[in-house]
Amino acid sequence: MKYEDLSNFSMMDLFRMEVENQAALLNNSLLALETNPNIAAELESLMRAAHSIKGAARIVQVEGAVKIAHVMEDCFVAAQKGTIRVDSAGTIDVLLHGVDELIRLAQLSESDIHSWQIEHQAEIDTLIAAIAAIASPAPEAHPLPPVLIQAEIEPPSENLAIQPADNLSQSDAPALLVPAAIDSTEQTFSIQPLSPSKEDAQFSAQNSKFKFQNNTERVVRLSAENLNRLMGLAGESLVEVNWLQPFADSLFKLRKQQGELSNLLEKLQESFEGEQLKAGTTETLNFAQQKASECNQTLNERLSELELFSRRFGNLSDRLYREVIASHMRPFADGVQGFPRMVRDLARHLGKQVKFEIVGKSTQVDRDILEKLEAPLTHILQNAIAHGIEFPEERLAAGKPADGTVRLEATHRAGMLSITISDDGQGVNFNRLREKIVEKNLSTSDIVAQLTETELIDFLFLPGFSTRNTVSQISGRGVGLDVAQSVVREFGGVLRAVSKQGKGMSFHLQLPLTLSVIRTLLVEISGEPYAFPLTRIERIVLVPKETIPLVENRQYFMTDNQTIGLVAAYQVLELNPFTLNSEDLPVVIISDRSSRYGLVVDRFLGERDLVVRPLDPRLGKVQDISAAAILEDGSPVLIIDVEDMVRSIDKLLANGRLNPVSSAGDSAPSAPRKRILVVDDSITVREVERKLLENNGYEVEVAVNGVDGWNAVRTGQYNLIITDVDMPRMNGIELVTQIKNHSNFKSLPVMIVSYKDREEDRLRGLEAGANYYLTKSSFHDDTLLNAVIDLIGE
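Under the numbering used here, the first residue of the sequence shown carries the number 40, and numbering increases by one thereafter.
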């Protein structure tokens, strides 16, 4: 049972909510009856929904809604008894008109509703008469078995009579148990009085006890503003918990220094052995050592407590953050309730037969995205019905079934929300499309003839472009797909279309799961981190410098047989120049509708999920930047506005203000030596690895077991960790797991070198997060050294 705090709502607000909920149920059930008129459960839902609206309308004294709902209820009761059939398209049309009229009445303001009913009384009476005509028994109707209503109810009082719905009249009983919503997982029940008397007003749901199989849940309404504030606070808690780890690391360094101090005191005492000391000196040294030992013990205890608290606090913050994220999500079904009705009405208006399928109704979508998806999805669905699905006779002539199929699917894929709208219609006539492009002077016939199908489809998204010669209410104005494209891009998403002539067309929307958290590629530009939304990146590549030609002071490179202009990211962002000493340039490929560029960055830092923080509105629009975020270590990072950056590059190129990407010079400072930590309990193995690596220019430190290695990782700075598997205190698999689960070290490369060469051992190491798993036989050739070079370079 679902409880909701409605104390702040007026009776008219409650009536609107009731009609909104029940109208969605009426629409869906009526559409289901149109394809299968013998679904008894749908008739039961329809009757109860109409009855709920009738009771709610009587309380707020909206007589028009009372009469419409009452006659619709009579119609559904008659269908339940089998005296009429609710299956023809004309009958469904009339009943859907009744639903529309109920919605219209509910949306009127309390001050206007009385005058509006008087003004439209004739229209309401006509509708009531049409529905009443349906409810009149037809002589030729074949009786259907009555629907049995089953409920597990304990009558709470002698004063409450619960009777079968088809035997009730306005005065039969003070109240009726009716469902406010029907769902496969939960039901919301309300007690609706049948007449607004004093006795009804005193009637309380507490007088009844109802048994249900569903889980109990309490719902409280929150504003979007409140949710956004909660999201921000949860994100901050997730960031703040990461400050504990640097503090713990500083204590580890302090413990290390404490150990060094103890060693110094011990050596000092040893140096005085056998010598004549002043009175009390020996006692002072012993006391100093005792205090150093006590400090070390206290420090170890506090470190253990801090680590335990850090793990618990981190887990709690992560759970809080995920719960807040979940509260910001809604099932996809909530945003597409009106589409079956829209598709049905549009198809009938055009004289087409369409089956509409929705897949993935339970897929969770950010409520802000869901609210704005209606417009683009509506345009694409209208496009599918008006342009894609053929008339029944055309489909039969082409060997297709008379009914066309339109499918709307939502799913989570690769950390993104993926929505697909597909149809089995005629697809795009590419010859006709080429003619239209030339006719509208968008390109020449010679160029259009060379364009691929993918390039031709891009013209469909241009404002004002249409393949129709005539204008109607549905199509021909050239608006629709460009609106859908704009809305999708506003969310940082991508909209693509694919067509097979004669077989159909599909539109693919790729959107972030939530606007509050986005998946990004983190890069470094002029020594500072920046984030690119993954949905706005085409790909990332490493481009060898020798493959970059310079033509008219502009640089290019080739990928997939396409020429892409090369631009230094620091120039676009007006940052300090940065000389790349590597022979391969890290490049991020970005684009908009007309331009594509390769941005050269310092280096790739990996993918990150970032909590989006809007920029202060007092800053206005910051060029090339869309928002900000906080990294795990608490440092800020700016999120790139890709479309704005493409426009900036266009302007800089037009003005001739972009310089070629700089190459490594002879005077470039030599890079510091790469540092490697070798962790192995065998002194022989440690020394072999150390000498091999030092002879090839690396700086090497060693640790004798996993715990020693983990402490070294947290207190030192390394480019690579090489570890054994079988070690005391903490084995290599546990060490790799600790490193990869730590927010500051998860990108640190780790290599396992072990005597174990079984496949299951290798898989264990790689599953723990190791970048390489080698056997110790690799010492005898260049395998180990080549692997090190592959991970961190020479």
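Think of the CB as a built atom: it goes at the ideal place given N, C-alpha and C, for glycine as much as any other residue.
Going by DSSP in three states, residue i sits in which element: helix, strand or coil?
i    : result
M766 : coil
V580 : strand
D834 : There is no way to answer for residue 834, as the model of the chain reaches only from 40 to 833.
G62  : Here residue 62 is Ala; the residue named in the question, Gly, does not match the sequence. A62 falls in the helix class under three-state DSSP.
Y595 : strand
G353 : helix
F469 : helix
F617 : coil
K93  : helix
Q834 : Nothing in the structure corresponds to residue 834, since the chain is present only between 40 and 833.
L554 : coil
R712 : coil
S835 : This structure leaves residue 835 out entirely; the chain is present only between 40 and 833.
F286 : helix
P625 : strand
G771 : helix
D648 : strand
A809 : coil
D641 : coil
Take the Cβ of residue i as the centre, count every other Cβ of all protein chains shown within 10 Å, and call the residue buried at 16 or more, exposed below.
i    : result
L732 : buried
M270 : buried
G532 : buried
K250 : With a pLDDT of only 31 at K250, under 50, the local geometry of the prediction cannot be trusted, and no value is derived from it.
K93  : buried
I192 : Residue placement at I192 is flagged as unreliable, the pLDDT there being 30, under the threshold of 50; a coordinate-derived value is accordingly withheld.
K330 : exposed
S356 : buried
D462 : buried
G832 : exposed
M684 : buried
P625 : buried
D821 : exposed
S154 : exposed
L187 : Note on L187: pLDDT 33, under 50, position unreliable in the model; the coordinate value appears next. Its Cβ having fewer than 16 others within 10 Å, L187 is exposed.
Q61  : buried
R797 : exposed
Is residue i close to chain B? Criterion is C-beta to C-beta, closer than 8 Å.
i    : result
D689 : The structure shown contains no chain B, having only a single protein chain.
Please report how far the alpha carbon of residue i lies from the alpha carbon of residue j, in whole angstroms.
i    : j    : result
L32  : D485 : Past the boundaries of the shown model lies residue 32; the chain is included only from 40 to 833, so the question cannot be answered.
I170 : E81  : 18 Å
M111 : D680 : 53 Å
L692 : D631 : 16 Å
N694 : S687 : 11 Å
L836 : V700 : In this structure the chain extends from 40 to 833, so residue 836 is not present and cannot be described.
P285 : S349 : 11 Å
L70  : L412 : 23 Å
Y569 : R380 : 45 Å
E728 : L830 : 16 Å
T337 : I664 : 48 Å
K713 : S343 : 32 Å
K785 : F596 : 33 Å
I576 : R635 : 11 Å
M544 : V363 : 38 Å
Could you tell me which of the options sits nearest to residue i, measuring between CA atoms?
i    : options                : result
P583 : F571, T598, L552       : T598
K306 : G319, A668, A327       : A327
L787 : V445, T814, L581, G755 : G755
D655 : D648, L677, T559       : L677
Y360 : S154, A536, V280       : V280
V606 : R578, L581, L638       : L638
S621 : Y609, V640, R446, V562 : V640
A89  : D126, G137, A666, I131 : G137
E267 : F469, E162, D407       : Just to set this straight, residue 267 is Asn in the shown sequence, not Glu. When only C-alpha atoms are compared, the closest one is D407.
S782 : F530, D384, K292, D288 : D288
G399 : A449, H388, L420       : A449
R696 : E613, I722, I761, L759 : E613
G129 : D384, G541, N600       : D384
L277 : N615, A536, E806, L670 : L670
Q: Decide if the region 783-798 is in contact with the region 743-750; the criterion is three or more beta carbon pairs, one per stretch, under 8 Å apart.
A: no
Q) Between the region 99-108 and the region 139-146, do three or more beta carbon pairs fall short of 8 Å? A) Pairwise C-beta distances place the region 99-108 in contact with the region 139-146, as three or more of them are shorter than 8 Å.
**Q.** At least three beta-carbon pairs within less than 8 Å, the region 384-402 to the region 438-455
**A.** The region 384-402 vs the region 438-455: in contact.
Q: Flag this pair as touching only if the region 546-558 and the region 474-494 have three or more C-beta atom pairs under 8 Å; answer yes or no.
A: The region 546-558, when compared against the region 474-494, does not touch it at the 8 Å Cβ threshold.
Q) If you pair each beta-carbon of the region 403-418 with each one of the region 353-372, do three or more pairs fall below 8 Å? A) yes
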